[in-house]
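Line by line, the protein sequences give chains H and L. The first sequence begins at 2 in my numbering and counts up by one. The second sequence begins at 284 in my numbering and counts up by one. Down below is the structure, laid out as structure tokens.
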Amino acid sequence: MSLHDQDDPALRCAQEERLRAVWAAPKGIFLKWTDCNNDAVGAWYVLTGFVFMLFAGVLGLLMRAQLAVPENDLIGPATFNQLFTLHGSMMMFLFAVPMFEAVSIILLPQLLGARDLPFPRLSAFGYWSFLLGGVFVGGSILFNAAPDGGWFMYPPLTTRTDLSGIGADIWMLGLSFIEVSSIAAAVELIVGVLKCRPPGMRLNLMPLYAWYILVVAVMILFAFPPLIAGDVLFEMERLLNWPFFDATRGGDPLLWQHLFWIFGHPEVYIVFLPSIALFAMLVPTFARRHLLGYPWIVLAAVGTAFLSFGLWVHHMFTTGLPKISLGFFSAASEAVTIPTAVQIFVFIATLWAGRVNWSTPLLYATGSLGVFVIGGLTGVMVAVAPFDWQAHDTYFVVAHLHYVLIGGTLLPLFAGLYYYWPLITGKKLSDRLGRLAFWILFAGVNLCFFPMHLSGLMGMPRRVFTYPEELGLGDLNMASTAGAFLFAAGVAVICLDMCLSPRRPLANRNPWNAGTLEWLAHPQDEHWGIRSIPLIESRYPIWDQPDFMRKVDEGRYFLPDAEEGRRETIVTSVIDARPLAVIRLGTPAWVPMLTAFALGSVFILTTYHLYGLALIGSVLTLACVVWWLWTGTAEIPEKPFKPIGHGLELPLYISGRSAPGWWAMFITMMADATAFSGLVFGYYFFWTRHETFPPMALADGPGWFWPMVALLAGGVSWLLTLAARSANSRGATGAMALLLTGAMLAALGSGAAGLAGPWLSGLNPEAHSYPAIVWTLTLWTVAHAGLAVIMQAYVLARGLAGRMTARHDADIRNVTLFMHFFVLSVVVTYATIGLFPEVS
Amino acid sequence: MRYAILLACLLAAACNTHQSALAPFGVEAGETRTLTLVMALAALGLAAITFALYFRAVRAPEGSLSHKGGMKLVLWMGAIVPTVLLAGLLLYALPAMRPMDSAPGDLEIRVEGEQFWWRVIYNPQDTQGRLVDANEIRIPTGRTVVFTLAAHDVVHSFWIPGLAGKMDMIPGRENRLVVKATKPGRYRGVCAELCGLAHALMAFEVVAMEPVAFDSWLAEQRTGTAAPPKDSRGARLFAREGCGACHAIRGTEHTGQIGPDLTRYAHRRSLGAGTLEPTLTNTAAFIRAPQDLKPGARMPTYTDLSREEALAIARYLKGRE
Numbered sequence: 002m003s004l005h006d007q008d009d010p011a012l013r014c015a016q017e018e019r020l021r022a023v024w025a026a027p028k029g030i031f032l033k034w035t036d037c038n039n040d041a042v043g044a045w046y047v048l049t050g051f052v053f054m055l056f057a058g059v060l061g062l063l064m065r066a067q068l069a070v071p072e073n074d075l076i077g078p079a080t081f082n083q084l085f086t087l088h089g090s091m092m093m094f095l096f097a098v099p100m101f102e103a104v105s106i107i108l109l110p111q112l113l114g115a116r117d118l119p120f121p122r123l124s125a126f127g128y129w130s131f132l133l134g135g136v137f138v139g140g141s142i143l144f145n146a147a148p149d150g151g152w153f154m155y156p157p158l159t160t161r162t163d164l165s166g167i168g169a170d171i172w173m174l175g176l177s178f179i180e181v182s183s184i185a186a187a188v189e190l191i192v193g194v195l196k197c198r199p200p201g202m203r204l205n206l207m208p209l210y211a212w213y214i215l216v217v218a219v220m221i222l223f224a225f226p227p228l229i230a231g232d233v234l235f236e237m238e239r240l241l242n243w244p245f246f247d248a249t250r251g252g253d254p255l256l257w258q259h260l261f262w263i264f265g266h267p268e269v270y271i272v273f274l275p276s277i278a279l280f281a282m283l284v285p286t287f288a289r290r291h292l293l294g295y296p297w298i299v300l301a302a303v304g305t306a307f308l309s310f311g312l313w314v315h316h317m318f319t320t321g322l323p324k325i326s327l328g329f330f331s332a333a334s335e336a337v338t339i340p341t342a343v344q345i346f347v348f349i350a351t352l353w354a355g356r357v358n359w360s361t362p363l364l365y366a367t368g369s370l371g372v373f374v375i376g377g378l379t380g381v382m383v384a385v386a387p388f389d390w391q392a393h394d395t396y397f398v399v400a401h402l403h404y405v406l407i408g409g410t411l412l413p414l415f416a417g418l419y420y421y422w423p424l425i426t427g428k429k430l431s432d433r434l435g436r437l438a439f440w441i442l443f444a445g446v447n448l449c450f451f452p453m454h455l456s457g458l459m460g461m462p463r464r465v466f467t468y469p470e471e472l473g474l475g476d477l478n479m480a481s482t483a484g485a486f487l488f489a490a491g492v493a494v495i496c497l498d499m500c501l502s503p504r505r506p507l508a509n510r511n512p513w514n515a516g517t518l519e520w521l522a523h524p525q526d527e528h529w530g531i532r533s534i535p536l537i538e539s540r541y542p543i544w545d546q547p548d549f550m551r552k553v554d555e556g557r558y559f560l561p562d563a564e565e566g567r568r569e570t571i572v573t574s575v576i577d578a579r580p581l582a583v584i585r586l587g588t589p590a591w592v593p594m595l596t597a598f599a600l601g602s603v604f605i606l607t608t609y610h611l612y613g614l615a616l617i618g619s620v621l622t623l624a625c626v627v628w629w630l631w632t633g634t635a636e637i638p639e640k641p642f643k644p645i646g647h648g649l650e651l652p653l654y655i656s657g658r659s660a661p662g663w664w665a666m667f668i669t670m671m672a673d674a675t676a677f678s679g680l681v682f683g684y685y686f687f688w689t690r691h692e693t694f695p696p697m698a699l700a701d702g703p704g705w706f707w708p709m710v711a712l713l714a715g716g717v718s719w720l721l722t723l724a725a726r727s728a729n730s731r732g733a734t735g736a737m738a739l740l741l742t743g744a745m746l747a748a749l750g751s752g753a754a755g756l757a758g759p760w761l762s763g764l765n766p767e768a769h770s771y772p773a774i775v776w777t778l779t780l781w782t783v784a785h786a787g788l789a790v791i792m793q794a795y796v797l798a799r800g801l802a803g804r805m806t807a808r809h810d811a812d813i814r815n816v817t818l819f820m821h822f823f824v825l826s827v828v829v830t831y832a833t834i835g836l837f838p839e840v841s
Numbered sequence: 284m285r286y287a288i289l290l291a292c293l294l295a296a297a298c299n300t301h302q303s304a305l306a307p308f309g310v311e312a313g314e315t316r317t318l319t320l321v322m323a324l325a326a327l328g329l330a331a332i333t334f335a336l337y338f339r340a341v342r343a344p345e346g347s348l349s350h351k352g353g354m355k356l357v358l359w360m361g362a363i364v365p366t367v368l369l370a371g372l373l374l375y376a377l378p379a380m381r382p383m384d385s386a387p388g389d390l391e392i393r394v395e396g397e398q399f400w401w402r403v404i405y406n407p408q409d410t411q412g413r414l415v416d417a418n419e420i421r422i423p424t425g426r427t428v429v430f431t432l433a434a435h436d437v438v439h440s441f442w443i444p445g446l447a448g449k450m451d452m453i454p455g456r457e458n459r460l461v462v463k464a465t466k467p468g469r470y471r472g473v474c475a476e477l478c479g480l481a482h483a484l485m486a487f488e489v490v491a492m493e494p495v496a497f498d499s500w501l502a503e504q505r506t507g508t509a510a511p512p513k514d515s516r517g518a519r520l521f522a523r524e525g526c527g528a529c530h531a532i533r534g535t536e537h538t539g540q541i542g543p544d545l546t547r548y549a550h551r552r553s554l555g556a557g558t559l560e561p562t563l564t565n566t567a568a569f570i571r572a573p574q575d576l577k578p579g580a581r582m583p584t585y586t587d588l589s590r591e592e593a594l595a596i597a598r599y600l601k602g603r604e
């Protein structure tokens with residue numbers, strides 16, 4: 002197809018008809034929930050996250066009602082402890098993180114000029130997991146069964162089953178399930194940013210929002226797994242009585258605090274950086290110029306991400322750590338101010354250099370920067386250890402974290418709401434109501450949280466359901482309560498504004514005259530995402546490339562048609578966005594929802610100790626996943642190449658390092674390896690905590706023999722899989738089948754030998770933290786051996802069924818990648834449990 | 284300015300002097316208050332400067348800042364100024380991270396957090412001078428005191444805002460907190476780490492005494508002048524109900540270690556670890572149904588005791604018989 006062809010309106014019309022038909026949303030009361038297009042899933046995601054936020058906000062209001070006056074008896078401690086635990090947990094896990102992912106699922110394909118993200122069904126799976134897990138965790142309070150140990154769930158209060166009930170299990174298992182969906186979304190977003198950019202959009206031309214998504218998604222990848230490792234240990238202790246955190250049996254409560262905060266501190270930046278990303282989109286629009294200092298802000302974002310992993314100990318300043326580490330972590334915590342200040346001043350400089358168009362979104366951005374700056378400055382204060390010894394666990398910290406999170410997450414999201422509402426609905430929100438809501442919110446947040454700085458220093462610890470009158474904290478608390486309700490009124494005005502939106506007239510396309518790709522979206526929502534995928538030459542193509550919008554709309558760029566009736570998008574190279582292939586995207590299906598519900602049932606049934614049913618759930622989950630992969634992935638196309646316009650022909654099948662599927666596997670396994678390293682950290686942490694480790698009575702441990710057998714067998718399985726891959730690429734299906742069978746047997750042998758070590762030496766995991774952590778590492782690695790067997794069997798079946806050939810080899814390449822990580826965990830596990838006791 | 288006015292009003296309106304980091308009676312808390320004020324003022328100043336620059340930026344006509352000028356602004360305000368300020372802050376604050384020096388002869392007090400009260404042991408290493416008490420801590424002014432902090436059940440945190448920063452009590456670990464009180468008086472400390480249902484009702488009284496008065500008080504306690512209880516109705520009921528299985532009273536056969544030591548109950552200024560006034564009626568009510576007054580309290584209920592019997596035990600504990 003040449004430019005010339007697109008001059009024909011009839012052709013364009015026919016193309017549009019085909020695209021419209023291919024991308025049409027499924028209709029019908031039931032079928033419409035099978036949709037997996039990013040605009041539908043993203044919208045459900047955002048709406049669900051918003052409802053969870055409102056719910057958690059009401060919990061906050063109930064707390065403020067109880068604390069309005071001293072010695073109040075409105076709400077007793079049992080309910081109150083559930084209120085603050087759920088308020089914090091929901092705002093963090095069910096609002097802040099998923100909301101960023103939800104917004105990104107909507108915006109990212111638009112920003113990248115892609116038709117959709119690379120794995121639409123994975124997005125749908127993530128959404129259904131999120132919905133189910135969120136209702137499970139949030140709904141628990143209606144049955145008086147909500148977790149009540151505070152959102153960081155410190156053991157032993159939460160691990161001792163005589164001190165805490167089912168709520169703790171609901172927290173651990175329900176939120177672990179949601180963490181799975183968060184990681185699924187992170188995989189989707191990273192691959193989307195790296196592989197689905199339009200031709201020509203080199204990394205340094207990427208919209209800043211995409212940069213931030215990349216940074217934040219990578220942070221999720223490394224931050225959530227340590228928490229999952231902690232969750233595993235935590236539930237092992239609660240359900241099986243394995244004493245990881247029980248000091249009387251060699252455990253240590255501080256291990257949880259480390260694992261939690263290795264997650265918990267990056268989490269703060271995970272929820273804050275996306276807001277900066279929103280600013281980075283809307284500030285240039287309203288300053289009517291390019292953002293100043295693009296490389297600076299990218300470096301600052303990356304720097305913040307790096308530093309944020311080195312700060313976790315500042316949440317543990319009062320646990321009696323050595324002073325040297327206090328000094329180090331104080332300094333590191335202060336250092337993170339610098340990239341943050343760079344980002345803020347980039348915005349100030351951009352506004353200064355530009356011609357400011359004062360608008361409602363900019364008003365919200367301004368207000369949130371103001372609130373955030375105050376929270377940031379009190380953050381500098383609490384990072385100084387001696388001050389933190391006073392402020393820690395008091396209302397001062399409550400004030401600090403709410404200034405940071407409201408200024409750094411909630412208000413920026415409202416700014417984004419007012420900015421992007423026309424993009425989603427085609428209509429603007431009301432300026433009048435928006436500004437009214439802003440001023441109510443701004444007054445509310447300061448009236449609620451500023452007095453808390455004082456009440457904290459004047460002796461009010463956090464998480465108290467009452468306080469004595471003699472402390473004279475009544476007035477400060479009354480002010481806070483009034484502020485909280487004022488804030489809620491502001492949120493109500495915003496809700497009203499959104500409800501009135503359907504009655505308002507349509508706005509123009511690109512109503513703010515922005516310069517970035519997402520504003521190509523049509524007011525009359527077309528589900529195809531973008532009419533044709535453009536060639537990008539600048540950071541603000543709508544401003545800089547003449548006739549850009551018209552050319553996109555007339556299909557004068559790439560892939561303007563869907564002649565085979567398939568959903569497609571272009572895959573490009575990671576650094577310089579050279580077009581590599583056209584991939585076929587997932588279409589609406591039940592399988593993502595079913596997989597989410599099957600997986601959810603495993604977590605939920607385990608919570609209620611229904612292990613038999615949970616096992617059935619696991620088998621169902623596995624069946625769903627296999628069905629999903631078998632029918633929906635690595636499909637062999639009907640023809641090898643496809644023209645995408647301008648004389649370019651791209652392959653329709655891609656495997657190995659340039660394929661999105663390979664990247665997804667790689668990223669998932671990075672998360673898996675990080676969780677594993679959390680468990681290994683546990684082993685060596687216990688070693689540092691004990692004079693003799695393994696303890697004398699257990700000095701033999703699993704011995705070295707069986708672990709070494711397991712290690713060797715695991716290595717053999719890995720080598721045989723590598724050999725099978727090269728046999729497959731030579732077209733030797735028979736040899737491949739033989740080698741894969743050998744690999745499966747070796748993996749089975751590795752698992753059996755792994756279990757034999759601790760089993761034959763009679764290590765009792767309930768006796769002490771040492772056998773418990775040895776068993777945990779072993780079970781983790783054996784479970785991966787089991788996964789390896791399943792994957793090898795799957796690949797074998799694909800080969801025998803003719804769904805995998807020498808040229809179409811994505812399956813075996815991805816499984817080989819899994820095996821690289823598998824052999825790594827085999828070596829680390831068995832060297833640790835088998836050899837380390839010999840040398841230590 | 285708005286904040287400064289708000290701050291002043293609030294400070295004037297509500298001030299307690301016995302449980303506040305802003306009303307120090309110890310060396311460390313005093314230094315921390317100075318640090319707090321310095322940092323708070325600096326923070327207000329920095330916030331004001333940032334906001335002023337922001338409003339200048341919004342109002343500035345187009346092109347009033349060149350690209351080069353803008354990058355200079357980012358470099359200076361975003362990188363150089365914060366680096367210098369933070370380095371200064373660290374140099375100023377790091378010395379305060381060093382624990383206060385203590386010498387071998389200093390008074391040692393071991394405090395153990397329990398759900399939901401405090402076990403206090405003076406001179407825990409010294410079998411002669413060892414003294415067990417609960418929910419009240421007495422310290423001499425002007426002398427260094429070493430707290431050893433521990434817990435058995437869950438994590439608690441030991442916080443006397445007027446004296447020093449808080450320190451956690453973690454099962455399986457022992458933490459040290461070295462303090463020096465400067466002003467005699469009665470103060471209050473609380474548990475600062477969520478420890479269960481009655482976390483909000485887990486406080487204790489701190490009495491800072493002139494050194495001489497403290498020495499004679501401690502000597503008096505050691506020599507056991509705490510009068511041996513009379514053979515009264517309350518004493519008999521106390522024994523009959525098995526109170527001594529959990530509570531100790533020095534000089535009697537009651538040596539339970541599970542609950543707070545009650546030897547000095549008559550002298551305490553609170554009941555239920557800072558929950559209530561220790562009046563006779565409150566004490567009797569607490570004995571019969573502790574959870575009604577302190578939800579989550581671990582003491583079992585004694586509703587089979589009549590009000591009158593409970594009152595007799597209360598009288599016995601208060602030394603009124």
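Every residue, glycine too, gets a C-beta built ideally from N, C-alpha and C. Predicted model, so just to flag it, every value in this text is computed and none were measured.
Asn729 of chain H places its beta carbon 8 Å or farther from that of Ile637 of chain H. With a threshold of 8 Å between beta carbons, Val446 of chain H makes no contact with chain L. In chain order, Pro382, Met383, Ser385, Thr427, Val429 place their CB closer than 7 Å to the CB of Val461 of chain L, counting only its own chain and leaving out the 5 sequence neighbours on each side. Within the same chain, and ignoring the five residues on either side of Ile617 of chain H in sequence, no residue has its Cβ closer than 6 Å to its Cβ.
For Asn458 of chain L, the pairing in a beta bridge is given by DSSP as L:Leu432. A direct Cα-to-Cα measurement between Leu204 of chain H and Cys478 of chain L gives close to 49 Å. Taken through DSSP and simplified to helix, strand or coil, Glu564 of chain H comes out as coil. Residue contact check for Leu176 of chain H against chain L: no CB pair falls below 8 Å. Interface annotation, Ala400 of chain H: not in contact with chain L, CB-CB separation never under 8 Å. In the structure shown, Met492 of chain L adopts extended strand secondary structure according to DSSP, grouped into three states. Annotation: Cβ neighbours of Thr319 of chain L in chain H (cutoff 8 Å, chain order): Met382, Phe388, Gln391, Leu458. Membership of His401 of chain H in the alpha helix (DSSP H) is indicated by the continuous run 396-406. Residue L:Leu373 holds the alpha-carbon nearest to the alpha-carbon of Leu327 of chain H among L:Ile404, L:Leu373, L:Arg402.
Chain order gives the chain L residues near Arg464 of chain H as Leu477, His482, where near means a beta carbon separation below 7 Å. Residue contact check for Tyr337 of chain L against chain H: a CB pair falls below 8 Å. Taking C-beta atoms as the reference points, His528 of chain H and Arg510 of chain H fail to come closer than 8 Å. Scanning chain L for C-beta atoms nearer than 9 Å to the C-beta of Phe245 of chain H yields nothing, as the closest lies near 12 Å away.
The closest CA to that of Ala490 of chain H, considering only H:Val385, H:Gly735, H:Val446, H:Leu723, is found on H:Val446.
DSSP lists L:Val489 as the beta-bridge partner residues of Tyr470 of chain L.
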